[in-house]
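A short worksheet on the structure shown next.
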Amino acid sequence: MLLAAVNWDPTREAVSRDQAREDRRTAHYVEGWVRPGDLGVVAVDPGGHPIGAVWLRLFGADDAGYGFVAADVPEVSLGVVPSWRGRGVGRALMAEMARRAGDSGFTRICLSVERANRARRLYLDEGFTTVESGPDSDTMVKVVAVR
485 MLLAAVNWDP
495 TREAVSRDQA
505 REDRRTAHYV
515 EGWVRPGDLG
525 VVAVDPGGHP
535 IGAVWLRLFG
545 ADDAGYGFVA
555 ADVPEVSLGV
565 VPSWRGRGVG
575 RALMAEMARR
585 AGDSGFTRIC
595 LSVERANRAR
605 RLYLDEGFTT
615 VESGPDSDTM
625 VKVVAVR
């Protein structure tokens, strides 16, 4: 699902599995899974095939993700296979991750999204707010209810 997240734009040359593994900025989102603080949810189709996933991971300032806010704020990644995009899978996954993050004691979650990515609208709808903007992307944060 990391490749589904990275390859969101069909007009760009797709990043291969090997390229993702070799690029530290991408690989650190999944390498060594599962480590303390990691959470993940996988969506499957009626036949049991994975169609999307959302996961969060804590990063330190020395190994920050694209959407890094603070060492105690986990960064969320979301990937949905192309044939299932626009059908509510990402929304359901994000809502479930926010619930689980709160259940795990996190008060905020963060992410980075390119402005051209239509998932940005989903994040805004799900309560994320922009806290920092770069030339083409935004870092967003959502406050989650601790349970």
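Counting from 485, one number per residue, gives the positions in the sequence shown under the working numbering. Quick reminder that beta carbons are idealized off the backbone N, C-alpha and C, glycines included. Keep in mind the model is a prediction, meaning the values are calculated, not measured.
Among all the DSSP beta bridges, which residues are the ones paired with L562?
V538
At the level of alpha carbons, what is the spacing between S561 and Y550?
10 Å
Ends of the beta strand (DSSP E) at E616?
T613 to S617
So which of E616, D620 and M624 has the shortest CA-CA distance to D609?
M624
Backbone CA spacing between R505 and T495 [nearest angstrom]
22 Å
Between the Cα of V526 and the Cα atoms of V615, A600 and A537, which residue gives the shortest distance?
A537
Determine whether the beta carbon atoms of S617 and S596 lie at a separation below 7 Å.
no
Once DSSP output is grouped into helix, strand and coil, what is the label at D622?
strand
If we ignore side chains and look at the alpha-carbon of each, how far apart do T591 and D493 end up?
31 Å
Under the three-state DSSP convention, the category S500 falls into:
coil
Range covered by the alpha helix (DSSP H) that runs through E629:
The question names Glu, but residue 629 is Ala in the sequence shown. First-last for A629: undefined, no H or E at that position.
Rounded to whole angstroms, what's the CA-CA distance from A545 to N601? Just pull it up for me.
26 Å
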